[in-house]
Amino acid sequence: MCAQISYQSGGHSPLLQALPFCLNYELTGDGLLAQSAFWIFEEAFKDASGKHLIIDRLCDVFLISVLRKVLEEGAIKSGMMAGLAHPQLAKVLIKIHQTPEQNWSLSAMAEECGMSRSKFADTFKRVIEQTPADYLADWRLSVAKKLILKNQNMDLVANQVGYENGSALARVFRKKQDKRQKSGY
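If you're matching positions, the sequence shown starts at 1031 in my numbering and goes up one per residue.
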């Protein structure tokens, strides 16, 4: 089986950027990876209503299975996925993902990991290849984009992702966009 992952997010995807360019797994045995691949093929050759919806969900299961395998094998050495595999950094990443609206100071993040501020900042930068502040801003903007695309009010979105108001959120959007354009990202 050969698969290509593409996404439509209006920007970058930290999750997909963390994956190696090419992965090669044997689809034998009864693990979830092999089973989901088998089910995708089974469904693909059926002439039944709803088959495309089922294949879409099975592809989600397949991708999550690949991500699990990549994490288990330690194939990712840096980026968000490496952070999620790190025993201490995973704690704060999960909390940031669940509560982006929280006031996440460097001290609060370090405390969540049970590390000193300097050790946390150094470890975070080494493993994730971003400062904690840059990662937090990128995550918040990613969540905000999804909410804005659902036609939610800008001030409401800003509050849901940790900014005081829509103007503050718009400033951060512009600043990040300018930074990405200058770096060719």
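Every residue gets a Cβ at the ideal spot worked out from N, C-alpha and C, and that includes glycine. Model, not experiment: these values are computed from the prediction.
Length of the line joining the Cα atoms of residue i and residue j
{"i": "G1104", "j": "M1184", "result": "39 Å"}
{"i": "L1088", "j": "G1080", "result": "12 Å"}
{"i": "Q1132", "j": "R1210", "result": "25 Å"}
{"i": "M1031", "j": "I1084", "result": "18 Å"}
{"i": "K1212", "j": "R1204", "result": "12 Å"}
{"i": "T1058", "j": "L1049", "result": "22 Å"}
{"i": "M1139", "j": "F1150", "result": "8 Å"}
{"i": "Q1128", "j": "V1202", "result": "20 Å"}
{"i": "S1066", "j": "V1091", "result": "7 Å"}
{"i": "E1141", "j": "S1148", "result": "11 Å"}
{"i": "Y1193", "j": "E1056", "result": "46 Å"}
Beta-carbon spacing of residue i, residue j below 9 Å
{"i": "K1099", "j": "L1123", "result": "no"}
{"i": "G1145", "j": "Q1118", "result": "Rather than Gly, the amino acid found at residue 1145 in this sequence is Met. In contact: M1145 and Q1118 (Cβ atoms closer than 9 Å)."}
{"i": "C1143", "j": "K1107", "result": "no"}
{"i": "L1199", "j": "A1163", "result": "no"}
{"i": "L1114", "j": "L1101", "result": "yes"}
Cβ separation of residue i and residue j, assumed to be a contact under 8 Å, to the nearest whole Å
{"i": "V1187", "j": "I1178", "result": "6 Å"}
{"i": "G1109", "j": "E1159", "result": "6 Å"}
{"i": "L1171", "j": "K1206", "result": "6 Å"}
{"i": "V1157", "j": "H1116", "result": "6 Å"}
Short CB-CB distance (under 9 Å) between residue i and chain B
{"i": "H1127", "result": "Within the model displayed, chain B is absent; a lone protein chain is all it includes."}
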